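In my numbering, the protein residues as written are 11 to 878. This report concerns only the one structure given below.
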């Protein structure tokens, strides 16, 4: 620590870049809210974050100085801290220290700069308010706060605009004291002693003020003894959305945050293993996202629940369901195998990058000394959390601790829902006994706690061109160990490099010289799996036996990889296998499988035109991208590297059933409308393929030109179709887990309106529900002007995102759109016009309907497996 109170942490790891970060331990929570008449400091800490980059006494033209030295900067303001970053080469370390210390200690804060900078700051506030999830978090913090009252984090637009230069300078003098600052320098220092001398010379100049102690967040948010939870309902401008935020304030005591991180990852699990599966199964929610936020001495674990549906929203049932989930976890904790898996996943995710695990270990030492556990020390601290600590945390997430906030649509549509909102406070005292009972019953159901997690061991190995982290931990039972090895490349890999590396690794496995090694590993029960991130290649190994056996296997594979050079013949063999994997159309999402089968039927394709995708991004087939190949690796799809799960043997066996044989005519299904009840199974089901789960797709081909009036009518209709399918087929009928309607123009010309769902029920009923829903939308008065306005609003938002650069895989065709022409077409739309266009096109389509179902165990499907 310097004499003026600045805390200094030097992390002398071997990296090619140097990071200078200063944390000012003051933020939004330290602003004064109307403590004196006319005094309001709302949003000033965020405004100061911007102003400090606009010039200092030593560097009046600070921006020019930073650009001249190729130094990158960033900053962020939070409830309890403001952070400033500079990133550059090691040779610019002294410049970074000089400029950042000058920013913090002697900013100019000129009147004109303050006036001019309010515009970008207010624009940032307006931009953030467009995100309903961010808005909901801010609203929830404000309405449940005690001392700061009803106030949004970062302030409101009118408050920031009213800020005076004198108030800004007063806030700076009060909060930017040297003893509120922590400097961290990471990497690129040949002589730490010399770096320490530079730090003392520059940061020692920053003045120390006698300021107030930091506000406690626990006083703001922790429930008082005997306090009954209340549900705050806020009418907002978010169109058509009902969002519920259930936040649990937890006193941050050391490992609390890190146990919450593991609990969050568990709650966000998808599929059959999701602890929230019952909420989905009952149709109470459409989506739940769990997050963890920490502000000073206060941690929040929050569940953001999407209740997007019409009709009655059963908030009480949702609260009971959440209470039951936490009661179960409080009783049994997390399954040990799941806890281990999440720890490894979290550690390796945060260990990617240049030597981050080494940085984390250094910073964790500093964290223990200074309490700075948010300075990238999370991996080690999360790994140290035990199952008992997760259980103990869940036991605190009782119904009494819940702070729910619900946002509902506001027909008036105010510009800022927090300025002129309509608030309803619902006392949950009548509901509390049912929530408490659900928590208690779940907790009593499973009395046996699991064994706490024990870390098997960790070894690190640093290579010439790569950093390698190896983590070993217990596996699914006591007789197994799981190990993971991660290669971190010194620079990011291009799409072509990743493609080449993938093929080289396949060649590595096919190389005859390695046959003995892989045979031995196979006999020992060891499985290898190669996975890629944008800048990393991760190889996972699971092995029977002691942890040392898994490590030995890793080092044997690592040694073979280091001396391996791909031979031309083996590489060509691997390349052929790689292309075949794409041509086999593997995908684990059965609803998307059904969709791609239907596309292939419509287009008469039985092969994948791989070459056109690799040659040019403009020729990517939208139907393959829609089928999920680009879901997790969008940049690869642009280069034709279509990622997927290539190990699904059952799916590969069904490929011949999925595709029409050469010369085989396409099926000609019958159109069904009001006579749906008399539909014959074979006529309705189309092509059926046996897999473990079931999916259904219905497709209606139409002749529609890209960006024509008809095109936009179908786009708006498809938005309404998705919502209607969610309400009817998923919620009312309970037939599907996930469902979607959409409209796409195909590269081959023409277009298709489609409905696709993932189900475990009778596939015939789902197909029937699809057609009935479409029929009701087109030929009854189920749709309203409110449905139309919501859908056209979402269509416009999608266009704005594209115009602002978020084009992704649609960029090629999107570049052909004329924004002015599109605006005129959308302006002329109405619900009646949309329905007239869609009806006319579907009724005049030469092929009225094509349907596909995949499923196993459905008696209808079983009878149709060989009858396309």
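We treat Cβ as the ideally placed atom computed from N, Cα and C, and that holds for glycine. Note that the structure is predicted; figures quoted are calculated from it, not measured.
- Three or more pairs of CB atoms, one per stretch, sit closer than 8 Å, so the stretch 294 to 309 contacts the stretch 225 to 232.
- In the three-state scheme derived from DSSP, where H, G and I count as helix and E and B as strand, residue 300 is classed as strand.
- Residue 70 carries a coil assignment under DSSP once its states are collapsed to helix, strand and coil.
- At least 7 Å separates the beta-carbon of residue 735 from that of residue 795.
- The stretch 111 to 125 and the stretch 393 to 407 do not touch, with fewer than three beta-carbon pairs separated by less than 8 Å.
- Counting only runs of 4 or more residues that sit fully inside the stretch 711 to 744, the alpha helix (DSSP H) segments are 719 to 735, in chain order.
- With respect to the 7 Å criterion, residue 809 and residue 723 are not classified as neighbours on the basis of their beta carbons.
- When rounded, the separation of the alpha-carbon atoms in residue 40 and residue 206 is 31 Å.
- In terms of CA proximity to residue 450, 331 leads the group 526, 344, 331 and 311.
- For residue 232, there is no enclosing beta strand (DSSP E), as DSSP gives it neither H nor E.
- Residue 728 counts as buried, since no fewer than 16 other beta carbons sit within 10 angstroms of its beta carbon.
- In this structure, the alpha-carbon of residue 266 lies about 8 Å from that of residue 260.
- Counting only unbroken stretches of 4 or more residues, the alpha helix (DSSP H) elements lying wholly within the stretch 97 to 140 are 103 to 115 and 121 to 139, in sequence order.
- Here residue 333 has 409, 445, 448 and 449 as same chain residues with Cβ atoms under 7 Å from its own Cβ, once five neighbours each way along the sequence are excluded.
- Under DSSP, residue 750 forms a beta bridge with 766.
- Cβ-Cβ separation between residue 50 and residue 169: approximately 6 Å, consistent with a contact (criterion under 8 Å).
- Our two residues, residue 199 and residue 411, have alpha carbons roughly 47 Å apart in a direct line.
- In the same chain as residue 111, and ignoring 5 residues on each side of it, the C-beta atoms closer than 7 Å to its own belong to 212, 213, 215 and 216, in chain order.
- In the structure shown, the three-state DSSP call for residue 336 is helix.
- Here residue 337 is near residue 453, since their CB atoms are less than 7 Å apart.
- Our two residues, residue 79 and residue 208, have alpha carbons roughly 18 Å apart in a direct line.
- Annotated three-state conformation of residue 352 is helix, per DSSP.
- In this structure residue 113 is in contact with residue 62, their Cβ atoms being roughly 5 Å apart against a cut-off of 8 Å.
- Within the same chain, and ignoring the five residues on either side of residue 352 in sequence, the residues whose Cβ sits closer than 6 Å to its Cβ are 272 and 275.
- If you draw a straight line from the Cα of residue 130 to the Cα of residue 185, it comes to about 23 Å.
- As the crow flies, the alpha-carbon of residue 148 is around 27 Å from that of residue 187.
- One Cα belongs to residue 175, the other to residue 182, and the distance between them is close to 11 Å.
- The beta-carbon separation of residue 780 and residue 708, rounded to 5 Å, stays under the 8 Å limit for a contact.
- Under DSSP, residue 261 shares a beta bridge with 308.
- The Cβ-Cβ distance between residue 416 and residue 243 falls below 7 Å.
- For residue 96, the CB contacts under 6 Å within the same chain, skipping 5 residues up- and downstream, are 30, 81, 83, 106 and 110 in chain order.
- In the DSSP annotation of this structure, the continuous segment of the beta strand (DSSP E) that includes residue 18 starts and ends at 17 to 21.
- Residue 87 places its beta carbon less than 7 Å from that of residue 56.
- In this chain, the beta strand (DSSP E) harbouring residue 86 covers 82 to 87.
- Your pair residue 755 and residue 721 checks out as a contact, with CB atoms roughly 7 Å apart and the cut at 8 Å.
- It is roughly 16 Å from the alpha-carbon of residue 436 to the alpha-carbon of residue 233.
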